[in-house]
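Protein chains in written order, with this note's numbering: chain A, 62 to 270; chain B, 1256 to 1623.
Remarks on the structure that follows.
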């Protein structure tokens, strides 16, 4: 039995569709209820829905053999897992944004508001820029508007939220998409089952392209 | 005679492994719990994690609680042609936990072989690593990698140190898709890109992987590494471990200290590696030594994740209840009778809240 941690929400549903097309269906998954664990004994697969940011925790601790996590979560947490496939779903960008009239003259410490402290810190460390990180847990766009920060580092999907708050993208840090991750130890004991899933999923990703 | 039921997984393992290592000519090595901090500071990059517990000794010297065993063993060994210093240990080490980021006391056992080594010694240590896992559980896997091969392919592909660092981080996670992107970003020729990506994706038993490695190893350095793996495969083939070894180039360690053979051990039911080992000739070279070194450590503290026995710990066979009017000679006789018959017993005046037991003997009621 291969245990798969799916991220709750739209991305998780898209990923499940991919699993279904790869031959790992589980009829109960389409029932809209509060159940969190679903399994198809015949196909040897068990899915469970978890909070997206918790997926790497379930996989790293071995409760899930496989999981689907955004590249942003992986870069932020650095879990000790294999990253076996880029599913090319949930595509977005990690960007630096600021008020349209902001100019960084490099003379003072840059105040950066973000949920992604590690990604932002590593990005500015590579540039040797001195920053003051302000960790926020949501509505990050507010920070430069209210003067809490000079810039924000955040995920940009369509850019609508930035535009509505009069913010503009000043730099793109990296592209993000969903990745299929695996527990390193469990991979050793379920190699055939996991490799079969990865190969069939890879085919689906190519067909999606 | 100690009942096996009483022993914790790590205690059972220590007893079995101590016997195993002694049988193979390894001698016990006992070391101090702490060393001078400078000793670790000079080789800090070799240590896993960057935090060390320090304190001032009564003479004002800054001391450190031992974060590693290998360095202490190296200090005690000598460079004598033809001689091999073989030791085993079971010791506590003090490091920060990966998840908690706080200091933890970790129990570790293992062996170190330092001296005038050749491939025989490397294979001996590798097989003892497999023997160690087999003593703990029948469901084990030993993954092996060869840094000589990996280093040669990286040198052939990576244009600078920053690219090499990124490539290594992708290799560790088997992210061949990221590695391919990185190579394209740096305009690496397609043939070299595919060779490196294939190496990272390679996984399986030695017999199935070796023909693929033949194609990938084209430099002299990588051919030397391949030759070593082939000999090791022949040695493994004649042992009971032949189906337990896999090749996995995602095992990477600091190449400034480690070289050639690296290996890790896994037990079914434990979500991370329980054994880590390899050759550290480069560390010895950095220390100005002529010897070569190889060894491994088994992380005993991780063994509590194994479910040998489903009986909840702390559960007793009998609970004897008595009161002040009871004759304590009777209570003592009753209790010892049960213990001598092999049962576990707790004698109480009231039932403790968290005590689990199978049967109760209420001597208060018996009296009435």
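A virtual CB, placed ideally from N, CA and C, is assigned to each residue, including glycine.
Note that this is a predicted model, so its numbers are computed, not measured.
Requested in this report: Note down, in chain order, each residue of its chain lying with its Cβ closer than 6 Å to the Cβ of residue 127/A, except the 5 sequence neighbours on either side.
Outcome: In chain order, 65, 243 place their CB closer than 6 Å to the CB of residue 127/A, counting only its own chain and leaving out the 5 sequence neighbours on each side.
Report task. Verify whether the separation of the beta carbon atoms of residue 1522/B and residue 1394/B is less than 8 Å. Result -> Yes.
Query raised in the report: Name the residues in the stretch 1396-1410 of chain B whose C-beta lies less than 9 Å from a C-beta of chain A; which are they?
Result: Answer set for the stretch 1396-1410 of chain B: 1396, 1398.
Requested in this report: Quickly, what does DSSP pair residue 1363/B with across the bridge? List them, please.
Outcome: In the DSSP secondary-structure assignment, residue 1363/B is bridged to 1346/B, 1554/B.
Report task. Specify the secondary structure class of residue 1587/B as computed by DSSP and reduced to three states. Result -> Taken through DSSP and simplified to helix, strand or coil, residue 1587/B comes out as helix.
Query raised in the report: If you measure beta-carbon to beta-carbon, which residues of the stretch 132-147 of chain A are closer than 8 Å to chain B?
Result: Of all residues in the stretch 132-147 of chain A, 141, 142, 143, 144, 145, 146, 147 have a Cβ within less than 8 Å of some Cβ in chain B.
Requested in this report: Determine the contact status of residue 1676/B and residue 1561/B, defining contact as a CB-CB distance below 8 Å.
Outcome: Any question about residue 1676/B goes unanswered here, given that chain B covers just 1256 to 1623.
Query - For residue 1587/B and residue 1600/B, believed in contact at Cβ under 8 Å, the rounded distance - result: Not a contact, Cβ separation roughly 11 Å.
Query - Backbone CA spacing between residue 1559/B and residue 1520/B [nearest angstrom] - result: Rounded to the nearest whole angstrom, the C-alpha separation of residue 1559/B and residue 1520/B is 16 Å.
Query raised in the report: Given a threshold of 16 other Cβ atoms within 10 Å of its Cβ, counted over all protein chains shown, does residue 1500/B qualify as buried or as exposed?
Result: Only buried fits residue 1500/B, as 16 or more other CB atoms lie within 10 angstroms of its CB.
Query raised in the report: What separation, rounded to the nearest whole angstrom, lies between the Cα atoms of residue 1606/B and residue 1576/B?
Result: Whole-angstrom Cα-Cα distance: 8 Å.
Requested in this report: Could you tell me which chain A residues have their CB closer than 9 Å to the CB of residue 1313/B, listed as they occur along the chain?
Outcome: Against chain A, a Cβ distance below 9 Å from residue 1313/B picks out nothing, because the smallest value is about 40 Å.
Query raised in the report: Thinking C-alpha only, which one of 132/A, 257/A, 106/A, 100/A is nearest residue 235/A?
Result: Restricting attention to 132/A, 257/A, 106/A, 100/A, the CA atom closest to the CA of residue 235/A is found in 132/A.
Requested in this report: Identify, in the order they occur along the chain, each residue of the same chain with its Cβ nearer than 7 Å to the Cβ of residue 1316/B, setting aside the five sequence neighbours on each side.
Outcome: Hits under 7 Å: 1291.
Query raised in the report: Since residue 143/A is in the beta strand (DSSP E), which residue starts that stretch and which ends it?
Result: From DSSP, the beta strand (DSSP E) with residue 143/A extends over 142-147.
Query raised in the report: Straight-line CA distance for residue 196/A to residue 211/A?
Result: One C-alpha to the other measures close to 13 Å.
Query raised in the report: Any chance the stretch 1472-1490 of chain B sits against the stretch 1401-1414 of chain B, with 3 or more Cβ pairs inside 8 Å?
Result: Contact holds between the stretch 1472-1490 of chain B and the stretch 1401-1414 of chain B, because three or more Cβ pairs, one in each stretch, are under 8 Å apart.
Query raised in the report: Which residue spans inside the stretch 210-241 of chain A form an unbroken beta strand (DSSP E) run of at least 3?
Result: Taking only runs of at least 3 residues, the beta strand (DSSP E) segments lying wholly in the stretch 210-241 of chain A are 212-217, 228-237.
Report task. Taking residue 100/A as part of the alpha helix (DSSP H), name the residues at either end of that continuous run. Result -> For residue 100/A, there is no enclosing alpha helix (DSSP H); the enclosing beta strand (DSSP E) covers residues 98-101.
Query raised in the report: Whose C-alpha, out of 136/A, 80/A, 116/A, 104/A, is nearest the C-alpha of residue 1421/B?
Result: The shortest C-alpha separation from residue 1421/B is found at 136/A.
Query raised in the report: Any C-beta of chain B sitting closer than 8 Å to the C-beta of residue 249/A?
Result: Closer than 8 Å to some Cβ of chain B, the Cβ of residue 249/A qualifies, so yes.
Query raised in the report: Can a CB atom of chain A be found closer than 8 Å to the CB of residue 1525/B?
Result: Closer than 8 Å to some Cβ of chain A, the Cβ of residue 1525/B qualifies, so yes.
**Report entry** Reduced DSSP secondary structure (H/G/I, E/B, other) of residue 200/A
**Finding:** Correct three-state label for residue 200/A: coil.
Query raised in the report: Can you find a CB in chain B that lies within less than 8 Å of the CB of residue 244/A?
Result: Closer than 8 Å: yes.
Query raised in the report: Does DSSP classify residue 87/A as helix, strand or coil?
Result: Coil, per DSSP.
Query raised in the report: Taking a cut of 9 Å between CB atoms, which residues from the stretch 1489-1508 of chain B lie near chain A?
Result: Hits within the stretch, in order: 1501, 1503, 1505.
**Report entry** For residue 1294/B, the first and last residue of its enclosing alpha helix (DSSP H)
**Finding:** 1292-1296 is the span of the alpha helix (DSSP H), which, as asked, contains residue 1294/B.
**Report entry** Below-8 Å beta-carbon distance, residue 1528/B vs any chain A residue
**Finding:** At least one C-beta of chain A is nearer than 8 Å to the C-beta of residue 1528/B.
Query raised in the report: Can you list, in chain order, the stretches of the alpha helix (DSSP H) that have 4 or more residues and sit fully within the stretch 1352-1407 of chain B?
Result: Here the runs fully enclosed are 1374-1391.
Query - Partner residues on chain A for residue 1521/B, Cβ-Cβ distance less than 7 Å - result: Per Cβ cutoff of 7 Å: 246, 249.
Query - Neighbour-count burial assignment, residue 102/A, 16 or more Cβ in a 10 Å radius - result: Here residue 102/A is exposed: its Cβ has fewer than 16 other Cβ atoms, across all protein chains shown, within 10 Å.
**Report entry** Nearest residue (CA-CA) to residue 181/A, options 249/A, 116/A, 194/A, 169/A
**Finding:** Nearest C-alpha to residue 181/A among 249/A, 116/A, 194/A, 169/A: 194/A.
Requested in this report: Mind reading off the beta-carbon distance from residue 1233/B to residue 1553/B? Whole number of angstroms is fine, and I expect it under 8 Å.
Outcome: This structure leaves residue 1233/B out entirely; chain B is present only between 1256 and 1623.
Requested in this report: Would you identify the three-state DSSP class for residue 1547/B, choosing helix, strand or coil?
Outcome: DSSP places residue 1547/B in strand when its eight states are reduced to three.
Query raised in the report: Does the Cβ of residue 1592/B have 16 or more other Cβ atoms within 10 Å, making it buried, or fewer, making it exposed?
Result: When all chains shown are included, residue 1592/B counts as exposed.
Query raised in the report: If we count Cβ pairs, one from each stretch, closer than 8 Å, do we get three or more for the stretch 1427-1446 of chain B versus the stretch 137-149 of chain A?
Result: A contact between stretches requires three or more CB pairs, one per stretch, nearer than 8 Å, and the stretch 1427-1446 of chain B meets this requirement with the stretch 137-149 of chain A.
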